[in-house]
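Participant: One structure is given below, represented as structure tokens, and several questions about it will come after.
Residue numbers (our numbering), protein chains in the order written: chain R, 1 to 126; chain H, 127 to 252.
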């Protein structure tokens, strides 16, 4: 009897954890940023971008992942896949000193910026 | 003296591991695929895509990661960030039965496909 109660409690806990984790995944915010950088300032831009990305990942619990890639044929075309825990995490992020510093630093380096909100279809990783 | 030799060997080993790992990273192949799907077949397309992604990640050591996202404003616009261990891994991948099955299944579902080879600028993840 005691074992049955324990098993039921354990099962309940598993369902609770799973539901909670699915709800967290559902709230995640995915965004693609496409950035055209002034070619003569590409190195400076890349430095500022990395500094911002690393600070946000280190300091903000709600900033989950950044992947920045550059077109092989035109390295001034940069695409960033951004993942935040939820909309609140994103809204806090854009108020942080490191994000504000980045925006100020790159304002004359970025020739165009296109933001696309996206939903995750599927992710598979080793 | 014995300690010094051991320390030197250990340092040498660390440098070797680090060089090897950097070389592996340098060979990685990153690609962005942009796909426009026929709206009336979106569910079928998504099913086939997930099946291909999961099979490749499970069966092929050189297929490292897929992240597929859909534009919130137009879910028929799908972007996939693909990461392979190297060019050979990619070339083997497109000859696998699961990839060939995917291409055959989706050939009338995909309205356009744009492939862009990219270089990693930086990645930061929790």
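C-beta atoms are modelled at their ideal positions from N, C-alpha and C, and glycine is treated no differently.
I'd like the list of long-range same chain contacts for residue 164 of chain R, defined as Cβ closer than 7 angstroms, with 5 residues on each side in sequence excluded.
Facilitator: Because chain R is modelled from 1 through 126, residue 164 of chain R falls outside the range shown and cannot be assessed.
Participant: Among all the DSSP beta bridges, which residues are the ones paired with residue 166 of chain H?
Facilitator: DSSP output for residue 166 of chain H lists no bridge partner at all.
Participant: Whole angstroms is fine: what's the gap from residue 155 of chain H's alpha carbon to residue 52 of chain R's?
Facilitator: Residue 155 of chain H and residue 52 of chain R have their C-alpha atoms some 25 angstroms from each other.
Participant: Can you list, in chain order, the residues of the stretch 45-57 of chain R whose Cβ is nearer than 9 angstroms to any Cβ on chain H?
Facilitator: 46, 49, 50, 53, 54, 56, 57
Participant: Count the other CB atoms, across all protein chains shown, that sit within 10 Å of the CB of residue 39 of chain R; report buried if there are 16 or more and exposed otherwise.
Facilitator: So residue 39 of chain R ends up on the exposed side.
Participant: Tell me which same chain residues have a C-beta within less than 6 angstroms of the C-beta of residue 67 of chain R, skipping the five on either side of it?
Facilitator: 81
Participant: Counting Cβ pairs, one atom from each stretch, are 3 or more of them under 8 angstroms apart for the stretch 103-120 of chain R and the stretch 224-239 of chain H?
Facilitator: The stretch 103-120 of chain R vs the stretch 224-239 of chain H: no contact.
Participant: Leaving out the 5 sequence neighbours to the left and right, which residues in its chain are closer than 8 angstroms to residue 27 of chain R when beta-carbon positions are compared?
Facilitator: The answer, listed in chain order, is 85, 86, 87.
Participant: State buried or exposed for residue 230 of chain H, treating a residue as buried only when at least 16 other CB atoms are found within 10 Å of its CB.
Facilitator: exposed
Participant: I'd like to know whether the C-beta of residue 207 of chain H is nearer than 8 angstroms to at least one C-beta of chain R.
Facilitator: yes
Participant: Sorted by chain position, which residues of the same chain lie with C-beta nearer than 7 angstroms to residue 203 of chain H's C-beta, five sequence neighbours on each side aside?
Facilitator: 162, 196, 197
Participant: Measure the alpha-carbon distance for residue 151 of chain H versus residue 116 of chain R and round it to whole angstroms.
Facilitator: 28 angstroms
Participant: Please go through the stretch 30-108 of chain R and give each complete alpha helix (DSSP H) segment of 4 or more residues, from N-terminal end onward.
Facilitator: 42-59, 87-93, 97-106
Participant: By DSSP's criteria, residue 238 of chain H is part of a beta bridge. Which residues make up the other side?
Facilitator: H/162
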